[in-house]
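Protein sequence lines correspond, in order, to chains A and B.
Using my numbering, you'd call the opening residue of the first sequence number 7 and step up by one each time.
Using my numbering, you'd call the opening residue of the second sequence number 340 and step up by one each time.
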Amino acid sequence: MKVRAYALQAAIVAAVLLALYGLATLVAAKMRGLGVEPGFGFLWQRAGFDIGDTLIAFDAADTYGRAFLVGLLNTVSVAAVAIVASLGLGGALGLGQLARNRLLARLCEAYVELFRNVPLLLQVLIVYVLLIGRLPLPQEAWSLGPDVWLSKSGLALPWPTFTDVGLMLERPVLGRFTFSGGAMLTPEFLSVAAALTLFTAAYIAEVVRGSVQAVSRRQTEAAQALGLNDAQTLRFVVVPQALRSMIPPLANQLLNLIKNSSLAVAVGYPDLVAVADTTLNQSGHAVECIAIIMAVYLTLSLITAALMGGWHGRLLRQQGGYP
Amino acid sequence: MKRHITPANLILGAILLWAGWHLFDWAVLKAVFRPDAAACHALEGSGACWGVVAEKYRVILFGRYPLDEQWRPLLATLLMLGLLGISTLQRFRNRRLWLVWSIGLALFIFLLKGGLFGLENVDTPRWGGLPLTLILTVFGLAGAFPLAVLLALGRNGRLPVVRTLCTVFIELVRGVPMVAVLFMAAFLFPLFMPRGWEFPSLLRVLVAIILFAGAYMAEVIRGGLLAVPKGQAEAAQALGLSYWQVQLTVILPQALRNVLPALMNSAIALFKDTSLVIIVGLFELTGALGLAVDGDPKWRAFALDGYLFIALIYWIGCFTTSRYSRSLESKAA
C-alpha cells in the first residue's frame, strides 16, 4: 500500500517535471523562430510608446521596465483610492441595511441588489461613457468646491507642490482648452475608481451586515439597558465585536478589488495589465509579460492578506481572543 | 407602536419621489423608442434613446452571426433557456435530465455551427452576443465542476505531492486577475501547441474559463468536504468501500448538497465574468454592443442606452438565479 503510494507520487512528480521541461523547450524554440530571444533582457530596451496617465515622468524613449513601473503605480493608486472609498460606502450601506428606518434599509438593500448583479466591466464602461459623453467642456466645468472642477477632461484638483517658498497647494487654472496646474484625474482613472467603488461597496455592505447581525442581540439589549444611545451602542459594543468576524471576508473583498482593477484595460487606463498588453503585442515577450502580471498580483495579494491578517491578529489579542 | 410618518421618512420619501419621477420621465415619458437617430439626437440627453436597441438589437444579441441565419442562434438561445428552466422544476429532476441536457447541448452547438443536413457552416469567430455568453457560462460550468471536484479531493487527500500540486494551482489561479488567465489563453496557449496545431479562440478561452472557475469552485467544494463529519468516511471504509467509492457515494453527495448555494454564487460570478472575454476579442453581449455602435457615427453617442439595456439582461439573469438559489436554501432548511 505504502509502496504504491510512493511510486504513484514519484511518477506524478516525474510527469509534471517532464511536461514543464517539454513546454519550456517548445516555447523557447517557437519564440526564437519568431525572432524573439526568451528572457527578461527586453525590460532594458526602449519602449517606444507613450503613456497617457503617469505618476512618474515617462516618454517613448524610456525602457519597458520603467513602463511596467508606471503601470504598477497606476494599479496601486487606483486600487488604493477605490479601497478607501468602497470601505466608507460599503460600511455605510451595510449599517444602513440594518437601520430601524425601514425606508432607508430597503433603499440600501436595493442598492446592493442593483450593483451586485451587473458585471463590473459593464459598470466601468457605463461610468466611462457617462463621464466623456455627458460632462460639460472644460470652459463650462462644474464647480464641486473651491478649485475643484469636473469636466469632460476629468477632475481638476488643487495639489501640493514644492516651490521656492516651500510646500504650497497649487490651484488648477483654466487655460484656453483645459486646466493646467494642480492635479488632473482623467476620466479613465475616475471611471475605473468609481466603478470599483460602487461594485465592491455592494459586497462590503453584505459582509458588514452579516457580521453585525452575527453579534448577539443580547449585547445590544444590555448596552441599551446601561443607558447607551443607538450611536454609542454601535460604536462601543456592536462594531468592535463585529470587526473580528468581519476582517477575513473583508480582506477577501479587498483582494478581489485589487485583482478587478485590471479591468482598467477596457477603457484604456494604463494600469499594469494595459502596459503588459501593449508590451507583449509590441515585443512578442508574451511569456515574460504574463509572468510579470502574475508575480505582481500575487505579491500585492500577499501584502494585502498579510496586512489584514496582522490587523485581525492584533484585534484578537486586544480583545483577548475568541471567548 | 411604530411611527411611519417621521421627519426622516418624509425627507427621504420626498427625495425618492423626486428621483423616481425624473428617472421615469427620462426612461419612459421623454424616451425615443423608434429607431430614429435624428429624434434621439434632438433629445440632447433629456430622455433615453432606446431607439439604439430597436435599430441594433440583432447585432447586440447575436454579434457578427450572418444576418440570414440568425434564426439559428435565436432558436439555440431559447433552447438553452428552456433547458435551464425545466432543470429548476422538481418533477423533471431525475436521471433522464442528464440525457435531456446532453441532447440539448449537442443540438445547441449543431444549431450554431451547422455544416450538416443543409445548414450552412458558421465558424466560431462569427459567433457572438447572448448565445456566446450562454456557451461560455454553461460549458464553462460543466467543465469547471469536475475539475473543481478533483482539485478539492486532491487538496484534501493523503498524498503530499498531489496535495501540494493542487494547492499551488488553486492559490496561483485565485491570486491573479481573470484578465491574466484570459491573456494566457490568447497569447500563451498558441505557443504551447506544436507547430501546425491550431485551436479556435473560443476553445482556448473556454479552457481558460474552466481553469479559472475550477480553482474558485474547488475551494467552495473543499469547504463542503471539510464539513462532512469524519465518522462518515470511517464508517464507509469499515464497510469495505474503496477510496473512490467512499468519496463518490458517501462524502461528495453530502458535501455538494451543503455547498449548493455557494456553488450557485460561483455560477452567477462566472456569468458576470464572461463579459471579460471582449478583452481577448470575443464578442459576447458586452462586446457585441461595442461592435454595434462604435463604428457607426449616427448611433455612437447612444452607447450608454445600449449598455443599460445589456445591464438589464445581466441583472435579470443574476437576480433570478440568486432568488432561485435562496428558495432552494429555504426549502432545504
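Glycine included, C-beta positions come from ideal geometry on N, C-alpha and C.
Checklist entry - Residues in the region 514–532 of chain B with C-beta within 7 Å of chain A's C-beta atoms, listed in sequence order? => result Gly-514, Val-515, Pro-516, Val-518, Ala-519, Phe-522, Met-523, Phe-526, Leu-527, Leu-530, Phe-531
Item to check | Of the residues Ile-590/B, Gln-584/B, Ala-554/B, Arg-561/B, the one placed nearest Gly-570/B, counting alpha carbons only | outcome: Ile-590/B
Checklist entry - When you compare only the Cα positions, how much space is there between Gln-225/A and Val-244/A? => result 7 Å
Next on the checklist: Can you check which of these residues, Ala-311/A, Ile-299/A, Thr-285/A, Asn-80/A, is closest to Trp-50/A by C-alpha distance?
Outcome noted: Thr-285/A
Checklist entry - Are the beta-carbon atoms of Ala-63/A and Phe-55/A separated by less than 8 Å? => result no
Item to check | Close beta carbons around Arg-122/A, own chain, < 6 Å, minus the five adjacent residues each side | outcome: Ala-208
Checklist entry - Who are the neighbours of Glu-43/A on chain B, taking C-beta pairs under 9 Å? => result Those do not exist, as Glu-43/A stays about 15 Å from chain B at its closest Cβ, beyond 9 Å.
Checklist entry - With 8 Å set as the bound, which would you pick, yes or no: does the beta-carbon of Glu-119/A sit closer than that to a beta-carbon of chain B? => result yes
Next on the checklist: When you compare the CB of Lys-611/B with every CB in chain A, is at least one pair closer than 8 Å?
Outcome noted: yes
Checklist entry - Starting from Gly-216/A and walking both ways along the alpha helix (DSSP H), at which residues does that stretch end? => result 193–220
Next on the checklist: Residues of chain B with CB closer than 8 Å to the CB of Asn-107/A, please, in chain order.
Outcome noted: Thr-345, Ala-347, Asn-348, Leu-351
Next on the checklist: Just to confirm the assignment: which complete alpha helix (DSSP H) runs, minimum length 4, are found wholly within the region 245–293 of chain A?
Outcome noted: 245–266, 278–289
Checklist entry - If you pair each beta-carbon of the region 511–523 of chain B with each one of the region 612–628 of chain B, do three or more pairs fall below 8 Å? => result yes
Checklist entry - In its own chain, which residues sit with a C-beta less than 6 Å from the C-beta of Gly-453/B, not counting the 5 before and 5 after it? => result Glu-459, Asn-460, Val-461
Item to check | Local Cβ density within 10 Å of Tyr-27/A, reported as buried at 16 or more and exposed below that | outcome: exposed
Next on the checklist: Measuring only the C-alpha atoms, how far is Asn-80/A from Val-90/A?
Outcome noted: 16 Å
Item to check | Extent of the continuous beta strand (DSSP E) to which Ala-574/B belongs | outcome: Here Ala-574/B belongs to no beta strand (DSSP E); instead the alpha helix (DSSP H) covers 569–577.
Checklist entry - Where Ile-560/B and Leu-609/B are concerned, what is the direct C-alpha to C-alpha distance, given to the nearest angstrom? => result 16 Å
Checklist entry - Any chance the CB of Ala-574/B is under 7 Å from a heavy atom of the ligand PLP? => result The ligand PLP is not part of the structure shown, which contains no ligands of any sort.
Next on the checklist: What does the Cβ neighbour count give for Ile-655/B, buried or exposed, with the cut at 16 atoms within 10 Å?
Outcome noted: exposed
Checklist entry - Leaving out the 5 sequence neighbours to the left and right, which residues in its chain are closer than 6 Å to Pro-164/A when beta-carbon positions are compared? => result Asp-153, Leu-175, Arg-177, Gly-188
Checklist entry - Ala-53/A to Ser-83/A, Cα distance in whole Å? => result 22 Å
Item to check | Element boundaries [alpha helix (DSSP H), containing Trp-437/B] | outcome: 435–452
Checklist entry - Does the beta-carbon distance from Leu-599/B to Leu-492/B come in below 8 Å? => result no
Checklist entry - Given a threshold of 16 other Cβ atoms within 10 Å of its Cβ, counted over all protein chains shown, does Ala-25/A qualify as buried or as exposed? => result exposed
Checklist entry - Quick one: what does DSSP say Glu-355/A is sitting in, helix, strand or coil? => result This structure cannot settle anything about residue 355/A, because the visible part of chain A is limited to 7 through 329.
Checklist entry - If you draw a straight line from the alpha carbon of Val-273/A to that of Thr-416/B, how long is it in whole angstroms? => result 30 Å
Next on the checklist: Between Val-127/A and chain B, is any beta-carbon pair separated by less than 8 Å?
Outcome noted: Note that residue 127/A is Leu in the sequence shown here, rather than Val. Chain B, which has a Cβ nearer than 8 Å to the Cβ of Leu-127/A, makes this yes.
Item to check | Collapsed DSSP secondary structure at Ala-608/B in the structure displayed | outcome: helix
Checklist entry - Name the DSSP bridge partner or partners of Ser-186/A? => result Val-179/A
Next on the checklist: For Cys-388/B, list the residues DSSP reports as bridge partners.
Outcome noted: Val-371/B
Item to check | Test: Gln-219/A CB closer than 8 Å to a CB of chain B | outcome: no
Checklist entry - CA-CA distance, Ser-581/B and Val-567/B? => result 18 Å
Next on the checklist: Any C-beta of chain B within less than 7 Å: which residues of the region 284–305 of chain A qualify?
Outcome noted: Leu-286, Ala-292, Val-293, Ile-296, Ile-299, Met-300, Tyr-303, Leu-304
Item to check | The alpha helix (DSSP H) enclosing Thr-336/A, as first and last residue numbers | outcome: In the structure as shown, chain A starts at 7 and stops at 329, and residue 336/A therefore has no counterpart that could be examined.
Item to check | Alpha carbon of Met-314/A to alpha carbon of Arg-215/A, nearest angstrom | outcome: 19 Å
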